[in-house]
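These notes concern the structure reproduced below.
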Amino acid sequence: MKFLCVPCDTPMKLQTVGPPDRGSLSVVYSCPECGYEMAMLTNAYETQVVQSLGVRIGPENSVAASSPSGSGCPFTAMVPGIESGDARAGQPGEPVRWTAAAEARLANIPEFVRPMARTGIERFAKENGTVEIDEKVLDAAREFFGM
Amino acid sequence: MKTYYDIVGDGGSRVLDQVIEQRARITDGLAGVRQLVAVGSGKGGVGKSTLTLQLANVLRCRGLRVAILDADFNGPSQARMAGVQGAVFVPGNRKVSLPRTGSGIGVFSMGSVIPESEALDFESAARGESHTWRATREFTLLTEILGSFEWGELDFLLFDLPPGAERTVQYADFLPPRTSFLLVTIPSEVARGVVARSVAALSTRSNRVLGYVENMSGYFCRDCNAIKPLFPATQSTELRIRCLGTVPFDPELALLCDRGIPLTEHPETPIGRALDDVAQQLLNSLESESPQ
Numbered sequence: 001m002k003f004l005c006v007p008c009d010t011p012m013k014l015q016t017v018g019p020p021d022r023g024s025l026s027v028v029y030s031c032p033e034c035g036y037e038m039a040m041l042t043n044a045y046e047t048q049v050v051q052s053l054g055v056r057i058g059p060e061n062s063v064a065a066s067s068p069s070g071s072g073c074p075f076t077a078m079v080p081g082i083e084s085g086d087a088r089a090g091q092p093g094e095p096v097r098w099t100a101a102a103e104a105r106l107a108n109i110p111e112f113v114r115p116m117a118r119t120g121i122e123r124f125a126k127e128n129g130t131v132e133i134d135e136k137v138l139d140a141a142r143e144f145f146g147m
Numbered sequence: 148m149k150t151y152y153d154i155v156g157d158g159g160s161r162v163l164d165q166v167i168e169q170r171a172r173i174t175d176g177l178a179g180v181r182q183l184v185a186v187g188s189g190k191g192g193v194g195k196s197t198l199t200l201q202l203a204n205v206l207r208c209r210g211l212r213v214a215i216l217d218a219d220f221n222g223p224s225q226a227r228m229a230g231v232q233g234a235v236f237v238p239g240n241r242k243v244s245l246p247r248t249g250s251g252i253g254v255f256s257m258g259s260v261i262p263e264s265e266a267l268d269f270e271s272a273a274r275g276e277s278h279t280w281r282a283t284r285e286f287t288l289l290t291e292i293l294g295s296f297e298w299g300e301l302d303f304l305l306f307d308l309p310p311g312a313e314r315t316v317q318y319a320d321f322l323p324p325r326t327s328f329l330l331v332t333i334p335s336e337v338a339r340g341v342v343a344r345s346v347a348a349l350s351t352r353s354n355r356v357l358g359y360v361e362n363m364s365g366y367f368c369r370d371c372n373a374i375k376p377l378f379p380a381t382q383s384t385e386l387r388i389r390c391l392g393t394v395p396f397d398p399e400l401a402l403l404c405d406r407g408i409p410l411t412e413h414p415e416t417p418i419g420r421a422l423d424d425v426a427q428q429l430l431n432s433l434e435s436e437s438p439q
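Chains as they are written, first to last, in this note's numbering: chain G, 1 to 147; chain E, 148 to 439.
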C-alpha cells in the first residue's frame with residue numbers, strides 16, 4: 001500500500017508505527033512537501049494476514065509489531081512452564097547465569113525455540129556442576145548432544 | 148495525479164524486500180544440501196512419515212549424511228519415531244544446532260517443541276479468522292526453520308509433508324525448485340485416486356517427481372514368514388509415474404516406531420530388504436539425468 005498527498009502529488013513518507021492495540025496498528029504518514037500528516041488505523045484481520053508473512057510493519061528502525069500481540073514467542077501460550085523471551089527454568093537452588101556472549105548466541109535463534117533452548121542448556125549446566133553458561137558450555141552441550 | 152505504479156517502493160515497510168530476504172536465507176541455509184526430497188502423498192495415513200524415517204535410516208546406513216524436516220507442523224510424528232522428543236536445542240554461532248538421532252540423522256520436528264497434549268497454535272488478534280492467514284503463517288514458520296537451523300553439508304534433506312493434494316503442490320511452490328518429490332500410496336483405490344490428484348497437480352510444476360512407493364503392500368506374517376495381502380488386488384487407477392518399490396506392513400515396525408527404535412537394527416526382514424530396494428531405486432532415479 002502506498003499513500004499520495006493529493007494537493008502536492010507527492011508520495012507520503014512512513015513516519016511511525018504505534019504499538020499494536022488488539023491487533024490494530026496506527027501507522028503515521030507525512031507529506032515531505034507540505035508536512036501534512038495522516039494516520040492509517042489498520043484492521044486487525046488484514047494486519048494479521050500481512051504479519052503472517054513474518055515481516056515487520058513499519059520503518060526499519062521501528063520495534064513495532066513483528067508479532068501480532070507485540071510479545072515474543074508465538075507459542076508461548078501453549079508450552080507449559082515457559083514464559084515469553086527471557087523465561088527462566090524455575091529450578092531450585094542457585095540460579096544459572098548467562099554470560100553476554102552466550103546470551104548473544106541465544107538471541108540469534110528463533111524465538112519459538114529460545115525458551116526451550118534456555119531450559120535445556122540450564123539443565124545441562126546444572127547437571128555438569130556449573131552455574132555460569134558461557135560459550136564453552138554451549139559448545140560442550142553441542143558436543144554432548146551429538147550435534 | 149500519480150498512480151500506484153508511478154511511486155517507487157512500497158508504503159515504507161519494504162514488505163516485498165523482506166520476503167525476498169527470507170527466501171535468500173533459505174537458499175543460503177540449504178546451499179550445502181545435495182538432494183532435497185519431499186515425501187508426500189496427498190492422502191493421509193499411508194505411512195509417509197514412517198517411510199521417510201526408515202528411508203533416512205537406510206540411507207544413513209549407506210554412509211550418507213541425512214536430515215529430516217517434519218513439515219507436518221499440525222501432526223508431527225518424527226520427534227517420537229526418531230527418538231528426539233526431548234531434544235535440547237543448542238544455539239550455535241549463528242544458527243541452532245539440529246537435534247540428531249543416535250545414528251546421526253538430523254531431525255527437526257515440532258514434536259520436539261510442543262508436547263503431544265498440545266496443538267500448534269499462534270497468537271493472533273484475528274483468532275476467529277484463522278482460515279484467512281493460518282497457512283501463510285505456517286509457511287513463514289517453515290521459512291524460519293529452514294533459515295535458522297544448521298542444515299550444514301548433507302547428501303539428503305527429506306521433507307515429511309502433511310497430507311492434502313493441495314498442500315503437496317503448495318510445498319512444490321514454496322521449496323526450492325530443485326526439490327524432487329517422492330509420493331507414497333497404499334494398494335487401495337481410494338488412496339491411489341488421491342495420489343493421482345497429487346501427480347496431476349505436481350505435473351503443472353517444474354519439480355521432478357521421482358516416482359511412488361506402494362506402502363502396506365501386503366503384511367508380513369511372522370507366524371508363516373510370508374507376505375499376505377492386506378487389500379484386494381485391483382489397481383485400476385493409473386498413477387503415470389514410476390513405481391520405486393513396494394513395502395509390506397509389519398506390525399513389529401509400528402511398535403519400533405512408537406518406541407523410537409530404527410528398523411535398521413533388524414535389516415534381515417522382508418520390510419528391511421524392501422526399504423533397501425526403495426532406497427536404491429531412489430538413488431538411481433536421482434542419478435539419472437532426465438526428469439520423469
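Glycine residues also receive a C-beta, built at the ideal position from the N, C-alpha and C atoms.
Thinking C-beta only, is residue j closer than 9 Å to residue i?
i                            : j                            : result
methionine 12 of chain G     : serine 26 of chain G         : no
arginine 161 of chain E      : aspartate 405 of chain E     : no
glutamate 399 of chain E     : arginine 369 of chain E      : yes
arginine 352 of chain E      : threonine 384 of chain E     : no
glycine 294 of chain E       : isoleucine 173 of chain E    : yes
proline 323 of chain E       : serine 364 of chain E        : no
valine 213 of chain E        : glycine 249 of chain E       : no
valine 55 of chain G         : valine 166 of chain E        : yes
phenylalanine 367 of chain E : phenylalanine 396 of chain E : yes
phenylalanine 306 of chain E : isoleucine 215 of chain E    : yes
Below 9 Å on C-beta distance, what does residue i contact in chain G?
i                         : result
methionine 148 of chain E : Leu4, Val6 and Asp9
serine 295 of chain E     : Asn108, Ile109, Pro110 and Val113
glutamine 165 of chain E  : Leu53, Gly54, Val55 and Arg56
Could you spell out the range, first to last residue, of the beta strand (DSSP E) harbouring residue i?
i                            : result
phenylalanine 306 of chain E : 301 to 307
isoleucine 215 of chain E    : 213 to 217
glycine 253 of chain E       : 253 to 255
isoleucine 374 of chain E    : 373 to 375
phenylalanine 328 of chain E : 327 to 332
glutamate 37 of chain G      : 37 to 41
phenylalanine 396 of chain E : 390 to 396
leucine 183 of chain E       : 180 to 187
Taking the beta carbon of residue i as the centre, do at least 16 other beta carbons fall within 10 Å, making it buried, or is it exposed?
i                            : result
cysteine 371 of chain E      : exposed
lysine 149 of chain E        : exposed
proline 80 of chain G        : With a pLDDT of 38 at proline 80 of chain G, under the threshold of 50, the predicted position of this residue should be treated as unreliable, and no value is reported.
alanine 312 of chain E       : buried
lysine 136 of chain G        : exposed
phenylalanine 124 of chain G : buried
serine 435 of chain E        : exposed
proline 74 of chain G        : Model confidence at proline 74 of chain G stands at a pLDDT of 46, short of 50, so the residue's coordinates are unreliable and nothing is read from them.
asparagine 221 of chain E    : exposed
leucine 301 of chain E       : buried
phenylalanine 328 of chain E : buried
proline 309 of chain E       : buried
lysine 195 of chain E        : buried
glycine 179 of chain E       : exposed
Just to make sure I have the definition right: I need the residues of chain E whose C-beta is within less than 8 Å of the C-beta of residue i. Which are they?
i                        : result
serine 26 of chain G     : What serine 26 of chain G touches in chain E: nothing, since even the nearest Cβ is about 14 Å away.
alanine 44 of chain G    : Ala272 and Ala273
isoleucine 57 of chain G : Ser160 and Val162
Taking the alpha helix (DSSP H) that residue i falls in, what are its first and last residues?
i                            : result
cysteine 368 of chain E      : Premise fails: cysteine 368 of chain E lies in the beta strand (DSSP E), 355 to 368, not in any alpha helix (DSSP H).
phenylalanine 124 of chain G : 114 to 127
glutamine 201 of chain E     : 195 to 208
tyrosine 318 of chain E      : 312 to 321
glycine 440 of chain E       : Any property of residue 440 of chain E remains undetermined from this structure, which presents chain E solely from 148 to 439.
lysine 136 of chain G        : 135 to 144
valine 425 of chain E        : 417 to 434
glutamate 285 of chain E     : 277 to 295
tyrosine 152 of chain E      : Per DSSP, tyrosine 152 of chain E belongs to no alpha helix (DSSP H) and is neither H nor E.
glutamate 270 of chain E     : Note, glutamate 270 of chain E: premise wrong, no alpha helix (DSSP H); not H, not E.
valine 55 of chain G         : Note, valine 55 of chain G: premise wrong, no alpha helix (DSSP H); not H, not E.
What does residue i reach in chain G if we use C-beta pairs closer than 8 Å?
i                         : result
isoleucine 154 of chain E : Lys2, Leu4 and Pro11
aspartate 157 of chain E  : Met1 and Lys2
Going by DSSP, what residues sit across from residue i in a beta bridge?
i                         : result
lysine 13 of chain G      : G:Ser30
proline 238 of chain E    : E:Val243
serine 24 of chain G      : G:Asp21
cysteine 5 of chain G     : G:Thr10
tryptophan 298 of chain E : BP columns for tryptophan 298 of chain E are empty, so no partner.
glutamate 132 of chain G  : G:Arg97
Using a Cβ cut-off of 7 Å, pull out every chain G residue sitting near residue i, in sequence order please.
i                         : result
arginine 241 of chain E   : Asn108
threonine 290 of chain E  : Gly54
tryptophan 280 of chain E : Gln48, Val49 and Ser52
glutamate 276 of chain E  : Tyr45
tyrosine 318 of chain E   : Correct list: empty, because the minimum Cβ distance to chain G is about 17 Å.
Against residue i, what residues of chain E qualify as contacts under a CB-to-CB distance less than 9 Å, listed in chain order?
i                         : result
isoleucine 121 of chain G : Val235, Phe236, Val237 and Pro238
alanine 100 of chain G    : Correct list: empty, because the minimum Cβ distance to chain E is about 14 Å.
How would you list, in chain order, the residues of chain E whose beta-carbon sits under 7 Å from the beta-carbon of residue i?
i                         : result
methionine 147 of chain G : Val237, Ser244, Leu245 and Arg247
Name the chain B residues that come within less than 9 Å of residue i, Cβ to Cβ?
i                     : result
glycine 35 of chain G : The structure shown contains no chain B; its protein chains are G and E.
For residue i, verify whether its CB is less than 8 Å away from any heavy atom of the ligand GDP.
i                            : result
phenylalanine 378 of chain E : No copy of the ligand GDP occurs in the structure displayed, which carries no ligand at all.
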